[in-house]
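First residue of the sequence shown? That's 3 in our numbering, and the numbers climb one at a time after it.
C-beta: ideal position from N, C-alpha, C; glycine also.
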Amino acid sequence: MAGKTGSTPSPVSNWVKHIWLNMQIIRNEEELEERLSRPTEDDVAALAALDGDLLILGAGGKMGPSLAKLARRASTKRVIAVARFSDPSVAAELRASGIETVACDLLEPGALDQLPDAPNVIFMAARKFGTSGSEYLTWAMNAFLPGLVAERYRASRIVAFSSGNVYGLEPASGSGSVESSPVAPAGEYAQSVLGPERMFEYASSRWQTKVALLRLNYAVDLRYGVLVDIASAVFEGRSIDLRMGMVNVIWQGDANSMCLRSFAHCQTPPRILNITGPEKLSVREIAREFGRRFEKAPIFSGEERDTALLNNASEAHRLFGPPKVTAAQMMDWAAHWISSGGRSLNKPTHFEARDGRF
């Protein structure tokens, strides 16, 4: 992609040189995992303030492994990761990092009773994609299971992941939904995601369980995420749907950090926090930025609507500070990752969906 000898370097070659000179590059999955799980002083302090072990339910998904590693690197506490671990290599990698693993189908009757007690619990088991046609399974994972967990760990502090999808579409010209905005979930996935919130609210009311609910929107790893979806489409010459014209994103490592620091804010009734980045990003402009990096013109379909799914995370940023990784850094990393053949999880976010069907 570099220019010929004696010629003016292309914008992309200049960009690659800039990235290398500034050491802003993630070259492989080992470096990616290290970056995602690199603790800050605030993470270390947050874990030091916690009494007892940390149990992570649903730790085998996209975010769970790096979150577990972050917790382990930030402290000497016992960290227990629970999941089905359909890919045994994930469990092996966690064990190699000093994390205890328990292979478990959480929906199996009696499974929760076999798990260890823990004063600190992160709940992140959920189902999104494939909802259409298997709604019953999505509701079982997203609403029935949280009720069981809420009862089993009613004496624990619980940080539970939710989703910004519980909100309705907001004016694209506005600043996005805040925690006090009314919920208006569209489609069965978003409706089912409201389920765990209500179950943990019930536990908090009945047993005084201290809870924090994190409405996440959208986490980015270099193997998946909204920015990766858009960058891949530009790189491969595929059309980008503009109907959901604005998005919020956050680096997964920053979301992991905010999750661990949320234990200090567990309360009765539950504390709700929007977790995302400070920027309101135009999908069209994101695509154009990747187009400049790849020297490829983006292909668009549809037109921007006057509403979008947007979250305002100013309260979380007040508590935790802004994310360490900016949207521009994420785009630099994603562009290099994709152009150099980095692995994809092949799990598109379907951020463009406006009807809640995933």
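Taking the Cα positions, Pro272 is about 16 Å away from Ser183.
The beta carbon of Leu59 sits closer than 6 Å to the beta carbons of Val84, Phe125, Ala127 from its chain, once the five residues preceding and following it are set aside; these are given in chain order.
Cβ-Cβ separation between Leu311 and Lys64: approximately 19 Å, too far for a contact (criterion under 8 Å). The segment 334 to 352 makes no contact with the segment 197 to 213, as fewer than three CB pairs between them are under 8 Å.
When rounded, the separation of the alpha-carbon atoms in Ala235 and Leu34 is 22 Å. For Leu196, the enclosing alpha helix (DSSP H) has its first and last residue at 189 to 209. Under the three-state reduction of DSSP, Met248 is assigned to strand.
Annotation for Ala142: Leu109 place their beta carbon closer than 8 Å to its own, counting only its chain and skipping 5 residues before and after. Here DSSP, grouped into helix, strand and coil, assigns Thr328 to coil. Here Asn30 is exposed: its Cβ has fewer than 16 other Cβ atoms, across all protein chains shown, within 10 Å.
In this structure, Ile160 sits away from Ala120, with a CB-CB distance that is not shorter than 8 Å. The alpha-carbon separation between Pro67 and Ala61 amounts to approximately 6 Å.
Assignment of beta-bridge partners to Thr278 by DSSP yields no partner. Within the segment 252 to 325, complete beta strand (DSSP E) segments of at least 3 residues are found at 273 to 277, 301 to 303, given in chain order. Here Asp223 is near Leu38, since their CB atoms are less than 8 Å apart.
For Asn122, the beta-bridge partners assigned by DSSP are Leu56, Arg159. Within a 10 Å sphere around the beta-carbon of Thr140 sit 16 or more other beta-carbons, which makes this residue buried. Separation of Ile301 and Ile242 (C-alpha to C-alpha, rounded to the nearest whole angstrom) is 6 Å.
Here DSSP, grouped into helix, strand and coil, assigns Thr78 to coil.
For Val228 and Lys212, the gap between their C-alpha atoms comes out near 32 Å. Just measuring C-alpha positions, the residue of Ile27, Ser264, Arg240, Ala214 sitting nearest Glu199 is Ala214. Within the same chain, Leu108, Leu150, Val151, Arg154 come within 7 Å of Leu114 by CB-CB distance, once the 5 residues on both sides are set aside. Per DSSP, Arg240 is not a residue of any alpha helix (DSSP H), being assigned neither H nor E. Separation of the CB atoms of Gly170 and Asn313 is rounded to 12 Å, and the pair is thereby denied contact status at 8 Å. Beta-bridge partners assigned by DSSP to Ala85: Ala105.
Put simply, the segment 255 to 268 touches the segment 321 to 338. At least three CB pairs are less than 8 Å apart. For Asp53, same chain residues with a beta-carbon under 7 Å away, outside a window of 5 residues either side, are Pro121 in chain order. Arg356 is positioned such that its CB atom lies closer than 8 Å to that of Met246.
Taking all protein chains shown into account, Pro173 has fewer than 16 neighbouring C-beta atoms within 10 Å of its C-beta and is therefore exposed. Exclusion of the five residues before and after Ala336 leaves Leu224, Leu229, Val230, Ala233 as the residues of its chain whose Cβ lies within less than 7 Å of its Cβ.
Boundaries of the alpha helix (DSSP H) around Val151: 147 to 154. When beta bridges are read from the DSSP output, Leu218 appears opposite Ser165, Ile277. Across the structure, Leu262 and Gly279 are spaced so that their CA atoms are roughly 17 Å apart.
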